[in-house]
Amino acid sequence: MNAVEKPTYEWNQIPWRQLEKMVFKLQKRIFQASQRGDVKTVRKLQRLLMKSWSAKCLSVRKVTQDNQGRKTAGVDGVKSLSPEARLKLVGRLKIDSKSKPTRRVWIPKPGKDEKRPLGIPTMYDRALQTLVKMALEPEWEAKFEENSYGFRPGRSAHDAVEAIFSCIRLKPKYVLDADITKCFDRIDRSKLLTKLNTSPTIKRQIKAWLKAGVIDNNQLLPTEEETPQGGTISPLLANIALHGMEERIKQFAETLPSINNKDSKRDKRKRLQLIRYADDFVVLHDDLEVIKQSQVILLEWLKEIGLELKPSKTRISHTLVPYEGNAGFDFLGFNFRQYPAGKNHTGNNSNGKPLGFKTIIKPSEEKVREHYRKLAETVEKYSNAPQYALIGALNKIIRGWSKYYSTVCSSSLFSELDNLLFQKLWRWAKRRHPRKGKKWVKKKYWHPLRNSQWGFRTLGKIRVHLYRHSDSNIVRFTKVSGNRSPYDGDWAYWGARMGKHPKLSPTKAKLLKLQKGKCALCGLNFRDGDLIELDHIVPKNKGGSNQTTNFQLLHRHCHDLKTSNDMSLHQGEANLEDWYA
1277 MNAVEKPTYE WNQIPWRQLE KMVFKLQKRI FQASQRGDVK TVRKLQRLLM
1327 KSWSAKCLSV RKVTQDNQGR KTAGVDGVKS LSPEARLKLV GRLKIDSKSK
1377 PTRRVWIPKP GKDEKRPLGI PTMYDRALQT LVKMALEPEW EAKFEENSYG
1427 FRPGRSAHDA VEAIFSCIRL KPKYVLDADI TKCFDRIDRS KLLTKLNTSP
1477 TIKRQIKAWL KAGVIDNNQL LPTEEETPQG GTISPLLANI ALHGMEERIK
1527 QFAETLPSIN NKDSKRDKRK RLQLIRYADD FVVLHDDLEV IKQSQVILLE
1577 WLKEIGLELK PSKTRISHTL VPYEGNAGFD FLGFNFRQYP AGKNHTGNNS
1627 NGKPLGFKTI IKPSEEKVRE HYRKLAETVE KYSNAPQYAL IGALNKIIRG
1677 WSKYYSTVCS SSLFSELDNL LFQKLWRWAK RRHPRKGKKW VKKKYWHPLR
1727 NSQWGFRTLG KIRVHLYRHS DSNIVRFTKV SGNRSPYDGD WAYWGARMGK
1777 HPKLSPTKAK LLKLQKGKCA LCGLNFRDGD LIELDHIVPK NKGGSNQTTN
1827 FQLLHRHCHD LKTSNDMSLH QGEANLEDWY A
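In my numbering, the protein residues as written are 1277 to 1857.
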């Protein structure tokens, strides 16, 4: 749908699925053109997308209805829009190389007294940034390196965790654990714009956002150096600035000496790994000197774009044996460490390292303490509140935290946290009724739940129960394959992985994820290009419903086979009834 075709819709009547399909088709073509190096086609399709009424509608919906900070105002004070105002904003969106200053907000860092600055753009600039991001992201998704996982579609912190596990599970390694000092504040703008290498229109618009200035305490301050953090396009710009770091390390790996003169360049590149999530990264190799040389190379590379490593957060350790007092390392809230194990764990090799080991990934001690402190503070805060209010507040904290850590070795820790929280809740209940006995307190606040007699729950009009950490099943996470991207158009892979895709209806996408991308009849994986169909598990003529629980996904040929078998069975039952009659 081009810029000329502007249909007259009410906001709530816009056919969003059609718009998503149109925009996704353009993004997929941009991704494919970028993969084959067709710059002319990329620029042409980006212009078409940024003029598209469909893309503008989706951009406005994202910043006004979907984003977590949708109710945060910029310098113009606008923090919520009516449906009519959203449509007007769609009509006003235009790349004009102008920008209003951002509003500076200071937010505390988790578990620290420090605060970091955020620049909140106006609602108009946020929508425009989202529109430009829609055009730029597919181009760069075709270029980004394999082990870059932060703030990219279809990738998460768990992918980075699994990448590290795959790297160290067979062999202990030295680790350079590093963090970049004030990444957003010190990125060299000229180097960033040069690396961006985009059309003059987009380049001028991004330059205007970078130079817009900030308003802090009613004072307009220039932004001569920093890259404002807080806009929707900021994470993409940071990834573009840091793009090439992994390749630089791989180039260094090719110059390393071979082991027994057998290593090819591919083997050398594979042995030295850099895994990055936004501005945090680790470098892994089995040779200490290689790790030290990698640190020097990365310092030089970062210096070229105005960045440096943070000394307090940069250290070298070993995954198995202590090095300078460090054994294992923390990354993204997880602790990675290897422990001596197996029948040979008491013996050492020529380097003094244990022969047998086991790799364990678990929540870091710092994150566990921070989580428990938050639970304890919530219990204290709700000391006089009803039980259902306390349960609601605790469930929000427990569900998210336990889900994040449910892909690693967390079972024993979950049980320990449940026990500690029970002690807090018991004291909470006893303080409310100091003159009552233990049996009375237990009967009032704890009731049978599943296989336990100690379910912290309510039995009144509002029935809720406390979600325990141990209620989260430990399920191993499957890492994203190589350089795969949602823009590659493989609906079978991404539908099964994410449970949503523009080419699939919500029902099919949900079932695809539940079935783990496999046909319910033949058990084979769905492939891109396969025809899949919805099938009633219990046929409607036998009382089956149209609810999602009664549906399954089958290949078309499997569906035909099942239908013919059902018809044969039905015909056989009818013949049998006639015979008895």
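Idealized CB from N, CA, C, for every residue including glycine.
Cutting at 6 Å between CB atoms, please list the residues of its own chain near residue 1609, excluding the five before and the five after it. 1640, 1643
Residue range of the beta strand (DSSP E) that includes residue 1638: 1633-1639
With a cut-off of 8 Å, do at least 3 Cβ pairs link the stretch 1552-1564 to the stretch 1425-1438? yes
Residue 1678 vs residue 1743 beta-carbon contact at 9 Å: yes
Check whether the Cβ atoms of residue 1636 and residue 1614 sit closer than 9 Å, and answer yes or no. yes
With a CB to CB cut of under 8 Å and the five nearest residues on each side skipped, what residues in its chain are close to residue 1422? 1522, 1758, 1759
Note down, in chain order, each residue of its chain lying with its Cβ closer than 8 Å to the Cβ of residue 1769, except the 5 sequence neighbours on either side. 1757, 1760, 1793, 1804
Between which two residues does the beta strand (DSSP E) holding residue 1285 run? Unbroken run through residue 1285: none, as it is neither H nor E.
Between 1417, 1442, 1585, which lies nearest to residue 1519 when the distance is taken from Cα to Cα? 1417
Proximity below 9 Å, CB of residue 1591 to CB of residue 1453: yes
Find out if the Cβ-Cβ distance for the pair residue 1509, residue 1414 is shorter than 9 Å. no
How is residue 1727 classed by DSSP in three states: helix, strand or coil? coil
Proximity to residue 1391 [Cα-Cα], best of 1400, 1380, 1401: 1380
Is residue 1329 buried or exposed, if buried means 16 or more other CB atoms sit within 10 Å of its CB? buried
Between the Cα of residue 1396 and those of 1690, 1490, 1544, spot the shortest distance and give me the residue it belongs to. 1490
Distance between residue 1292 and residue 1526 (C-alpha atoms, nearest Å): 43 Å
Within 8 Å, do at least three Cβ pairs link the stretch 1343-1359 to the stretch 1310-1323? no
Would DSSP call residue 1738 helix, strand or coil? coil
Taking the Cβ atom as the reference point for each residue, do residue 1685 and residue 1755 lie within a distance shorter than 9 Å? no
In the DSSP output, which residue or residues are listed as bridge partners for residue 1550? 1559
What does DSSP give as the partner residue(s) for residue 1876 in the beta ladder? Not covered by the structure: residue 1876. The range shown for the chain is 1277 to 1857.
Completely contained alpha helix (DSSP H) runs for the stretch 1424-1496, where each covers 4 or more residues: 1433-1444, 1459-1462, 1465-1472, 1476-1486
What is the residue span of the alpha helix (DSSP H) that residue 1321 lies within? 1315-1326
Specify the secondary structure class of residue 1372 as computed by DSSP and reduced to three states. coil
Quick one, which of 1494, 1632, 1823, 1584 has its alpha-carbon nearest residue 1353's? 1494
I'd like to confirm the pairing. Which residues does DSSP put opposite residue 1801 in its beta bridges? 1794
Which same chain residues end up closer than 7 Å to residue 1294 when comparing Cβ atoms and leaving out the 5 residues on each side of it in sequence? none
Mind the definition here: the stretch 1469-1480 touches the stretch 1590-1607 only if three or more C-beta pairs lie below 8 Å; say whether that holds. no
Going by DSSP, what residue range makes up the alpha helix (DSSP H) through residue 1614? Careful: residue 1614 lies outside any alpha helix (DSSP H), inside the beta strand (DSSP E) at 1610-1616.
Compute the distance between the beta-carbons of residue 1745 and residue 1733, then report whether it is under 9 Å. no
So the candidates are 1648, 1499, 1399, 1698; which of them puts its Cα closest to the Cα of residue 1357? 1399
When the Cα atoms are used, what is the spatial distance from residue 1736 to residue 1652? 25 Å
Once you ignore the five residues that flank residue 1765 on each side, which residues in its own chain have a CB closer than 6 Å to its CB? 1304
By Cβ distance, which residues of its chain are closer than 8 Å to residue 1700, with the 5 residues on each side in sequence left out? 1651, 1652, 1655
For residue 1750, which residues in the same chain have their Cβ closer than 7 Å to its Cβ, ignoring the five residues on either side in sequence? 1682, 1686, 1687
Under 9 Å between C-beta atoms of residue 1325 and residue 1411: yes
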